[in-house]
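Residue numbers (full-length UniProt numbering): 1 to 527. Read the structure below first, then the notes.
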């Protein structure tokens, strides 16, 4: 019987290659040109890539025998997941391969910046003995602020505590129980976080919400002499604002490994005293590369032998009940909605399925909610496979409630998230023969709203004229309202206005609405 063929399209650790050679025919295609790759691809049952190879829908369609695409690393944005899933092709990655290396590099940047090691090395190498010029900062007793407390943030915190540092995290998705267990204090707001830490290290994904998260305004709120480290994703810290902070003395030192555009050779941070820079070396260790190669070789072996693939990032849609499939995008959207609405910590997530849908296996809907909830904040790609694991790692308890009774709708999905002190519920359903999505309850207000990319929600006292005031302000700012829904519990009580708009509302517009219309709470959402 012929062996399955594995194509190594980009270089991986030799230990991974040798592991595969025991049971499969392994071909090295690292040096193939595009024409050769296109011609040979249909012959293979598996392919291993890194970040350079783009597995587009066209390539996947031509790969007639392919069973698994293995990504030796974390990100899978160079693979068309939808196309692979439709073909029944497993896509797997190596999500744990570089987390230790990334955590250690953050600390390496911190220590190099705090003790001015690069400049001292440069000076001494030039034949100068300038001890007094390079007075450093001791880490012992300092407060480290970890912005984003996922796997890497947690590893950094553990190592910082070994230096005798106090750790404060800002991350709504860390439970109080996990924080207590790891001896980490959790800041309630970003402003609270910025004001009390001596050092900031970022461990967030690059999303619309995190891009430019630390700019001139945020740096102004920090302690004098703060140290800032970014080895996560470029653009989270505004580089120009950081340089201004260092030059003014507000920021004592900084360390950067990532940049808004990469490869980067002209950042304003380059050549600035007290800013240590490296060319995205967070995962560049022998051990991390070995782990990625070995891990992805193991995933390919499991797939080709028909066994469970631990790090698969897509799911077999064929195994999901037909009655459940249409509700998956809605469940994910409810999770994304909660991400924007929940304030403070999240200790628990409860998904309630009501109506005829409760007769089906709806576990995947809970996973879809978690995927939507974690995508904006997780450092790694969030998938239907790893979303429950992320919840477990962050100490977030998940619960599923099913009931065949649904008073107002044939089927209803309700999701409640938050902590014991404050929880928020949102609910949605599908209507009509086309299964159109509807948000039907937000903040405990009944509403009938079609989800859209850009939305805004306003909570206010139910008095005449409020709709007109909001509409006038939006019109003056040339913002078009596509749709508007209002819900209230009683006459003259609190009301909720939900609007679909053509573009995201700026902070300035929201503040004006709150001030001029007397609205207590205004939130703009992009999902």
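Even for Gly, the Cβ is constructed at its ideal location relative to N, Cα and C.
Please name the residue or residues paired with residue i in a DSSP beta bridge.
i           : result
residue 500 : 455 and 483
residue 419 : DSSP, once it has assigned bridges, lists no residue as partnering residue 419.
residue 347 : Answer is none; residue 347 lacks a bridge partner.
residue 438 : 429
residue 79  : 55
residue 488 : 495
residue 7   : 27 and 47
residue 316 : None; residue 316 has no bridge partner.
Tell me the residue span of the alpha helix (DSSP H) that contains residue i.
i           : result
residue 37  : 34-40
residue 293 : 286-304
residue 391 : 387-393
residue 338 : 328-341
residue 158 : 151-162
residue 201 : Careful: residue 201 lies outside any alpha helix (DSSP H), inside the beta strand (DSSP E) at 199-202.
residue 20  : 14-21
residue 120 : 117-125
residue 533 : Given that the chain is displayed from residue 1 to residue 527, the structure contains no residue 533 and the question cannot be resolved.
residue 531 : With the chain running from 1 to 527 in the structure shown, residue 531 is simply not present.
Any beta carbon from chain D within less than 9 Å of residue i's own beta carbon?
i          : result
residue 62 : The structure shown contains no chain D; it holds only a single protein chain.
Let me make sure I understand the geometry here. Which of the options has the alpha-carbon closest to that of residue i?
i           : options               : result
residue 391 : 158, 109, 177 and 136 : 177
residue 359 : 343, 322 and 344      : 322
residue 282 : 375, 245, 345 and 259 : 259
residue 141 : 369, 155 and 164      : 164
residue 426 : 58, 264, 228 and 331  : 331
residue 55  : 44, 69, 399 and 255   : 69
residue 431 : 326, 520 and 320      : 326
residue 519 : 501, 465, 387 and 475 : 465
residue 315 : 367, 341, 350 and 352 : 367
residue 238 : 14, 202 and 249       : 202
residue 415 : 353, 469 and 421      : 353
residue 305 : 46, 143, 99 and 31    : 46
residue 213 : 23, 232 and 292       : 232
residue 198 : 169, 208 and 215      : 169
residue 423 : 394, 150, 96 and 344  : 344
residue 459 : 42, 470 and 85        : 470
residue 478 : 501, 490, 495 and 489 : 501
residue 530 : 476, 495, 485 and 489 : Outside the displayed span of the chain (1 to 527) sits residue 530, for which this structure offers no information.
residue 48  : 26, 273 and 57        : 26
residue 6   : 15, 44, 14 and 39     : 44
residue 39  : 86, 496 and 59        : 59
residue 355 : 347, 411 and 317      : 411
residue 301 : 82, 90, 86 and 523    : 90
residue 180 : 192, 191 and 154      : 154
Note down the Cα distance separating residue i from residue j, rounded to an integer number of angstroms.
i           : j           : result
residue 102 : residue 157 : 13 Å
residue 508 : residue 337 : 22 Å
residue 413 : residue 364 : 12 Å
residue 63  : residue 296 : 19 Å
residue 17  : residue 303 : 16 Å
residue 307 : residue 205 : 31 Å
residue 312 : residue 388 : 13 Å
residue 11  : residue 50  : 8 Å
residue 94  : residue 289 : 10 Å
residue 335 : residue 455 : 15 Å
residue 186 : residue 76  : 31 Å
residue 340 : residue 450 : 17 Å
residue 294 : residue 277 : 30 Å
residue 61  : residue 74  : 24 Å
residue 183 : residue 144 : 13 Å
residue 109 : residue 526 : 34 Å
residue 34  : residue 78  : 16 Å
residue 372 : residue 148 : 17 Å
residue 234 : residue 245 : 18 Å
residue 370 : residue 131 : 53 Å
residue 447 : residue 224 : 47 Å
residue 437 : residue 428 : 7 Å
residue 254 : residue 229 : 6 Å
residue 393 : residue 324 : 27 Å
residue 21  : residue 270 : 45 Å
So, under 8 Å CB-CB, residue i and residue j are touching, yes? Tell me the CB distance rounded to an integer number of Å.
i           : j           : result
residue 221 : residue 188 : The pair is not a contact, with the Cβ atoms about 15 Å apart (cut-off 8 Å).
residue 136 : residue 115 : 4 Å
residue 173 : residue 396 : 7 Å
residue 362 : residue 402 : 7 Å
residue 309 : residue 92  : 5 Å
residue 65  : residue 42  : 6 Å
residue 200 : residue 226 : 7 Å
Just to confirm the assignment, what range does the beta strand (DSSP E) spanning residue i have?
i           : result
residue 170 : 166-170
residue 244 : No beta strand (DSSP E) holds residue 244; the alpha helix (DSSP H) holding it covers 239-248.
residue 524 : 521-526
residue 111 : Run containing residue 111: none in the beta strand (DSSP E); it sits in the alpha helix (DSSP H), 99-114.
residue 445 : 445-449
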